[in-house]
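Trainee:
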Amino acid sequence: MLINLLIVALVTTLFVSLAKRRAYVLFFAQLFFVVQVAFATWAVLNRGITTMTYFTLDTMGVTYYVLMALIGWIACWQSARYLDNETLRECKIYLISFIALNVALTGVYFANDLTVTWIFLEATTLAAAGLTYHRRTLRSLEATWKYVFVSSVGIAVAYLGVLLLSTVTTGSEGISRLSYTALAQAISSGAGNMLYVKLAFLFILVGYSSKIEVFPLCTVGVDANHSAPTPASAFISSALVGGGFVALFRVWKVMQASAELASWTGHVLLLVGALSLLMAAVYLGRTKNVKRLASYSTVENSGLMMLGLGIGGLGVWAAVLHSLAHTLIKGSFMLQISVIGKIYGSYKVPRNGGYFRVDPLGALVMVCCLIALIAMPPSVLFRTEYLIFTGLLTDGLWWLLLLVGLMLVAIIYWLCAKILPLLSRPADLTNLNMAAKNTWLSIILLLLVLLTFAAGVWQAPQLRTLIDSMVY
């Protein structure tokens with residue numbers, strides 16, 4: 046079935062490139078996302094099967110793919126309204142890059158082999174670069190080169206990790222098996238040099254950090270989000286970050302086959318998580334652009350996911366739930382920001398205000414997203430952060446809990462101080478693009494955020510079973 050999706054993507058891309066009218070371009074792009082939703086349904090019904098040797102439709106991959114299909118379809122729909130002034134050629138390049146990014150992430154979600162995951166993550170770099178350079182300005186050119194160069198260097202560093210791990214599973218015939226199952230079996234049996242395995246995890250973590258948007262390479266993701274059209278930024282901040290998390294989670298789970306490696310990787314991830322929170326707290330105070338504000342919020346939330354993995358136990362459960370919820374919340378947040386930018390013609394925080402008067406429903410979506418992101422009840426992120434804090438106390442890391450708490454206070458302050466005035470501050474409301482309001486989009490986004498609130502109030506047995514199957 047995966048090969049069929051690839052064929053559909055190639056055929057759709059061909060039709061998009063050959064279309065002579067904008068309406069046909071948008072129709073074929075939307076057709077791809079309809080097919081992707083259909084494939085997501087098929088994947089749910091056929092979980093557990095392996096196809097084309099290197100791809101397994103496991104629960105984690107299928108769950109993230111469903112979320113990607115949903116956010117991707119909404120982002121494509123909003124892109125049609127957002128890119129209303131683009132030429133036909135610019136619209137084609139944007140949508141082809143968008144489709145390519147979806148296909149690359151599909152490979153990341155379902156790959157059961159470390160090398161295959163690495164290949165598709167590199168493909169996401171090229172696809173995301175096409176979206177980042179869409180505006181063809183000096184700023185977008187700079188952001189694109191940074192993203193391509195730093196992400197490619199990171200992926201090259203990750204490949205060094207892949208090479209080091211290949212020594213663990215090299216048999217007498219000189220052939221290495223790099224499936225996650227084979228790696229876990231080899232590590233559990235004590236094969237390979239522990240120093241090499243530890244270095245491999247460090248290299249992979251550094252290489253993947255540009256995708257997960259955590260320390261040390263998170264800034265290129267922030268620049269890409271800032272320069273790309275906002276519907277594409279919504280997809281990058283949610284689905285691509287989720288793809289990075291899935292890729293790292295699979296490597297982390299392999300390391301849990303050894304008690305020594307599990308403890309060591311836990312300490313590394315705690316350090317990375319804390320440094321990511323520090324970067325978010327510092328840069329949130331400096332930025333005056335609402336898109337960059339949302340991007341640094343992604344760095345904060347990804348840092349919390351790393352803390353959860355580093356703690357282990359219930360912290361892992363919390364990290365996975367946090368990642369799933371963040372995909373919906375951040376995608377909704379950025380998509381609503383795309384409406385704000387189109388209405389006001391700017392993303393500068395000091396220039397905009399009175400959004401409640403301009404678009405009450407859209408402002409309500411922003412309030413709900415803010416509540417969700419700062420982990421205020423009934424946000425599901427409140428429950429996940431509570432589990433992470435409990436894990437820190439259980440492990441005796443009260444000093445780290447205090448530092449994390451202080452950084453979260455700073456982050457909450459900056460988010461509220463810069464988003465709330467946008468909603469209620471008196472401002473000149475003349476010369477606004479009122480046609481950019483998208484009521485149906487706001488309704489859909491509000492329902493998605495309320496869904497995460499429902500998960501915060503009551504975690505259904507099906508949800509707990511779903512996360513258990515990913516973690517355990």
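In terms of the numbering used here, the sequence shown opens at residue 46 and continues consecutively.
Beta carbons are placed, not taken as given, at the ideal position from N, Cα and C, and that holds for glycine.
These numbers come from a predicted model, not from an experiment.
If you draw a straight line from the alpha carbon of tyrosine 99 to that of leucine 159, how long is it in whole angstroms?
Mentor: Whole-angstrom Cα-Cα distance: 10 Å.
Trainee: Tell me the rounded alpha-carbon separation between leucine 112 and alanine 284.
Mentor: 7 Å
Trainee: Output needed for serine 217: all residues of its chain with C-beta closer than 6 Å, excluding positions within five of it in sequence on either side, in chain order.
Mentor: Any answer about serine 217 is weak, because its pLDDT of 48 lies below 50 and its placement is not dependable; what the coordinates show is given next. Excluding sequence neighbours, serine 217 sits near nothing in its chain.
Trainee: Does the segment 110-124 come close enough to the segment 83-93 to have 3 or more Cβ pairs within less than 8 Å?
Mentor: yes
Trainee: Out of Thr57, Gly386, Thr95, state which residue places its alpha-carbon closest to the alpha-carbon of asparagine 334.
Mentor: Gly386
Trainee: To the nearest whole angstrom, what separates the beta carbons of serine 197 and threonine 170, a pair I think is in contact under 8 Å?
Mentor: The C-beta separation of serine 197 from threonine 170 comes to about 6 Å, placing the pair in contact by the 8 Å criterion.
Trainee: Spell out a yes or no on whether the segment 360-377 and the segment 285-297 are touching, meaning 3 or more CB-CB pairs, one atom from each, closer than 8 Å.
Mentor: yes
Trainee: Under 7 Å between the Cβ atoms of methionine 300 and phenylalanine 246?
Mentor: yes
Trainee: Would you mind sorting asparagine 49 into buried or exposed? The rule is 16 or more other CB atoms within 10 Å of its CB.
Mentor: exposed
Trainee: Taking its Cβ as the centre, do 16 or more other Cβ atoms sit within 10 Å of alanine 505, making it buried, or is it exposed?
Mentor: exposed
Trainee: Can you tell which of Ser255, Leu338, Ile433 has the C-alpha that lies nearest to the C-alpha of alanine 394?
Mentor: Reading off the sequence, residue 394 comes out as valine, not alanine. The shortest CA-to-CA distance from valine 394 to any of Ser255, Leu338, Ile433 is the one to Leu338.
Trainee: Counting only the same chain and skipping the five closest in sequence on each side, list residues whose C-beta sits under 8 Å from that of arginine 180.
Mentor: Ser272, Pro274
Trainee: Check for me: the alpha helix (DSSP H) holding lysine 137 runs from which residue to which?
Mentor: 133-155
Trainee: With distances taken between CB atoms, is the gap from serine 340 to valine 259 smaller than 7 Å?
Mentor: no
Trainee: Does DSSP put threonine 95 in a helix, a strand or coil?
Mentor: strand
Trainee: Does histidine 312 pass the burial test, meaning 16 or more other C-beta atoms within 10 Å, or should it be called exposed?
Mentor: Per the 10 Å Cβ criterion, exposed.
Trainee: Is methionine 105 near methionine 515, with beta carbons less than 7 Å apart?
Mentor: In this structure, methionine 515 lies closer than 7 Å to methionine 105 by Cβ.
Trainee: Within 10 angstroms of the Cβ of isoleucine 249, are there 16 or more other Cβ atoms? Answer buried if so, exposed if not.
Mentor: buried
Trainee: Where does serine 217 sit, in a helix, a strand or coil, going by DSSP?
Mentor: Here the model assigns serine 217 a pLDDT of 48, short of 50, so the residue's position is not dependable and the matter cannot be decided.
Trainee: Would you identify the three-state DSSP class for lysine 393, choosing helix, strand or coil?
Mentor: strand
Trainee: Just mark isoleucine 464 as buried or exposed, buried being the case when its beta carbon has 16 or more other beta carbons within 10 Å.
Mentor: So isoleucine 464 counts as buried.
Trainee: Between the segment 374-389 and the segment 476-485, are three or more C-beta pairs nearer than 8 Å?
Mentor: Taking a contact to require three or more Cβ pairs closer than 8 Å, the segment 374-389 and the segment 476-485 qualify as touching.
Trainee: Near serine 233, what residues of its chain come up, given a Cβ to Cβ distance below 6 Å and the 5 sequence neighbours on each side ignored?
Mentor: These residues qualify, in order along the chain: Ala302.
Trainee: Taking tryptophan 163 as the reference, give the member of Gly206, Ala236, Val265 with the closest Cα.
Mentor: Gly206
Trainee: For alanine 231, which residues of its own chain have a beta-carbon under 8 Å away from its beta-carbon, when the five flanking residues on both sides are left out?
Mentor: Val213, Thr214, Gly237
Trainee: Does DSSP classify asparagine 476 as helix, strand or coil?
Mentor: coil
Trainee: Taking a contact to mean a Cβ-Cβ separation below 7 Å, would you say alanine 114 touches glutamine 81 in this structure?
Mentor: yes
Trainee: Give the secondary structure of serine 234 by DSSP, where H, G and I count as helix, E and B as strand, and everything else as coil.
Mentor: coil
Trainee: For threonine 177, which option in Ser487, Asn270, Cys414 has the closest C-alpha, if you only look at C-alpha atoms?
Mentor: Of the candidates Ser487, Asn270, Cys414, the one whose C-alpha sits nearest the C-alpha of threonine 177 is Asn270.
Trainee: Compare the C-beta of arginine 402 with all C-beta atoms of chain D and state if any pair is closer than 7 Å.
Mentor: Protein chain content of the structure displayed is limited to a single chain, and chain D is not contained in it.
Trainee: Over the uninterrupted alpha helix (DSSP H) stretch that includes histidine 312, give me the two end residues.
Mentor: 304-331
Trainee: Nearest CA to the CA of phenylalanine 143: which residue from Phe77, Arg222, Val267?
Mentor: Checked all of Phe77, Arg222, Val267; the closest Cα to phenylalanine 143 is Phe77.
Trainee: From alanine 472 to threonine 332, what distance separates their C-alpha atoms?
Mentor: 20 Å
Trainee: Going straight from the alpha carbon of glutamate 131 to that of leucine 209, what length do you get?
Mentor: Approximately 46 Å between the Cα atoms of the pair.
Trainee: Mind reading off the beta-carbon distance from alanine 326 to alanine 455? Whole number of angstroms is fine, and I expect it under 8 Å.
Mentor: So it is a contact: roughly 4 Å between Cβ atoms.
Trainee: To the nearest angstrom, report how far apart aspartate 513 and leucine 438 are at their CA atoms.
Mentor: 23 Å
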